[in-house]
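Participant: To start, I am sharing the structure in question, which I have written as structure tokens.
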Amino acid sequence: MSRTRTERLVNLVICLLSTRRFLTAAQIAATVPGYEHDPDDPRDHEAFQRKFERDKAELRELGVPLETGTASAFDTEPGYRIAHREYALPEIPLEPDEAAAVGIAARLWRHAGLAAAASSGLAKLRAGGIDVDPQATLDMEPVVTVDPAFAPLTSAARERRTVTFDYRVPEGDGPTSRRLQPWGVVCWRGRWYVVGHDLDRQAARCFRLSRIVGGAVRRVGGPDAFTPPVDVDLISYVARWSGPVERPGRATVLVRPGRAAGLRRWAREATSGPDGDRLVLAYADAESLAGRLVGYGPDVRVLDPPEVREAVIQRLKEIATRHDEVVVARTPA
């Protein structure tokens, strides 16, 4: 969603919350910034109506209880308002550690490219009297990376725009161009996928974001180009498409005595030695395994194979870079 549209939606919500009477579309257009138009110009007025219909649908999808009605029996044009009793947050008691966890989650989603959603959630909690500290850490620093295609695809799914991108599969000789009506983006087994209607194959398909060449996603046409199915479960679709996970790879790691209990339960083999315990782990993807291993910090060191060791090093470099950025941001000028 563009910043301009977000600001317009916020202004619309404020306008409808500021009154208990139903406001007509004309009254809203005269009050809310972003709806300025010439009502006597048919094309200009039609453009406003399309914009207003999209915004109403967006608010309802966000859970805003938008009501339609009239102020009196003599009114011929419907009006709109937000039901205060349904929009108000109930009491949300959070313990200090729970409030800190919410702050961590908000920071995590900001790293993942969903800053607007995170800010909106925090604002709603604060409006309900909940003191949430987005800088709280509980001795943890969230580090989340997403593929470059994440932001344009989630935006296209919200606006219902058709997209095109070049896609590469492991068994293919080169990338192929795809045209997709994206229904949504979901995470499955540590990977991000987009699910939608493939226009060239005229069938539902899902694509792994990391295989989109360069993360380049191009929009085609205007918004509201399609209507996603209401009964599709995106996670279940990706799970059926991906099938069972095969773990043909083997990695050997050195673990400090008494540490990394989770890895020990997962290990195919374990051998004790003077410098630690050697575990053999089965894996399907080096990057996914690296993401799991770095969570154990210095208690685990990769011995083999090189691809897993390099993936862990790269993850650690990313964490160090993000930590430095946080330190710089918090250092007084």
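If you count by mature numbering (1 follows the signal peptide of the UniProt record, and there is no 0), then the sequence shown holds residues -25 to -1, 1 to 308, one letter each, in order. Glycine included, each C-beta is placed from N, C-alpha and C at the ideal position.
Under the three-state reduction of DSSP, which class applies to Gly88: helix, strand or coil?
Facilitator: By one-based count along the sequence shown, residue 88 stands at place 113. Since pLDDT at Gly88 reaches only 49, below the 50 mark, its modelled position is unreliable, and the value read off the structure follows with that caveat. Residue state, collapsed to three classes: coil.
Participant: Name the residue from Asp175, Val169, Pro198, Arg29 whose alpha carbon lies nearest to the alpha carbon of Arg186.
Facilitator: By 1-based counting over the sequence shown, the position of residue 186 is 211. Comparing Cα-Cα distances from Arg186 to each of Asp175, Val169, Pro198, Arg29, the minimum goes to Val169.
Participant: Let's see if you can read the secondary structure: which residues bound the beta strand (DSSP E) around Thr202?
Facilitator: Locating residue 202 in the sequence shown gives position 227, counting from the first residue. Note, Thr202: premise wrong, no beta strand (DSSP E); not H, not E.
Participant: Asp250 to Leu278, Cα distance in whole Å?
Facilitator: Position 275 of the sequence shown, counting from 1, holds the residue named residue 250. Position 303 of the sequence shown, counting from 1, holds the residue named residue 278. Near 13 Å, if we compare the C-alpha coordinates of Leu278 and Asp250.
Participant: State the CB to CB distance for the pair Ala124 and Leu41, rounded to an integer number of angstroms; the pair is presumed to be in contact (CB under 8 Å).
Facilitator: Residue mapping note: residue 124 aligns to position 149 of the sequence shown, counting from 1. Residue mapping note: residue 41 aligns to position 66 of the sequence shown, counting from 1. Not really, about 32 Å apart at Cβ, beyond 8 Å.
Participant: Might you give, ordered along the chain, the residues of its own chain that have their beta carbon closer than 8 Å to the beta carbon of Pro198, omitting 5 neighbours on each side?
Facilitator: Taking the first residue of the sequence shown as 1, we reach residue 198 at position 223. The residues are Arg29, Glu134, Arg135, Arg136.
Participant: Considering only the beta carbon of each residue, do Leu264 and Tyr271 sit closer than 8 Å?
Facilitator: For this step, residue 264 is matched to residue 289 along the sequence shown. For this step, residue 271 is matched to residue 296 along the sequence shown. No, the Cβ-Cβ distance between Leu264 and Tyr271 is not below 8 Å.
Participant: Curious, which full-length alpha helix (DSSP H) runs of at least 4 residues does the segment 221 to 308 contain?
Facilitator: Within the segment 221 to 308, the complete alpha helix (DSSP H) runs of at least 4 residues are 236 to 241, 261 to 268, 281 to 305.
Participant: Pick from Phe27, Arg225, Val39: whose alpha carbon is nearest that of Pro281?
Facilitator: Here the question's residue 281 lines up with position 306 in the sequence shown. Considering only alpha carbons, the answer is Arg225.
Participant: Can you list, in chain order, the residues of its chain with a C-beta nearer than 7 Å to that of Ala(-1)? Leave out the 5 residues immediately preceding and following it.
Facilitator: Here residue -1 refers to the residue found at position 25 when the sequence shown is read from its first residue. Cβ neighbours of Ala(-1) beyond the five flanking positions: Phe27.
Participant: Note the first and the last residue of the continuous beta strand (DSSP E) segment covering Gln2.
Facilitator: Start at 1 with the first residue of the sequence shown, and residue 2 comes out as number 27. Here Gln2 belongs to no beta strand (DSSP E); instead the alpha helix (DSSP H) covers -1 to 6.
Participant: How many whole angstroms separate the CB atoms of Val138 and Leu155, which I take to be in contact at a CB cut-off of 8 Å?
Facilitator: In the sequence shown, residue 138 corresponds to position 163, counting from 1. In the sequence shown, residue 155 corresponds to position 180, counting from 1. Right, their Cβ atoms sit about 6 Å apart.
Participant: Inspect the CB distances between the segment 43 to 57 and the segment -12 to -1 and report whether three or more fall short of 8 Å.
Facilitator: Yes, they touch.
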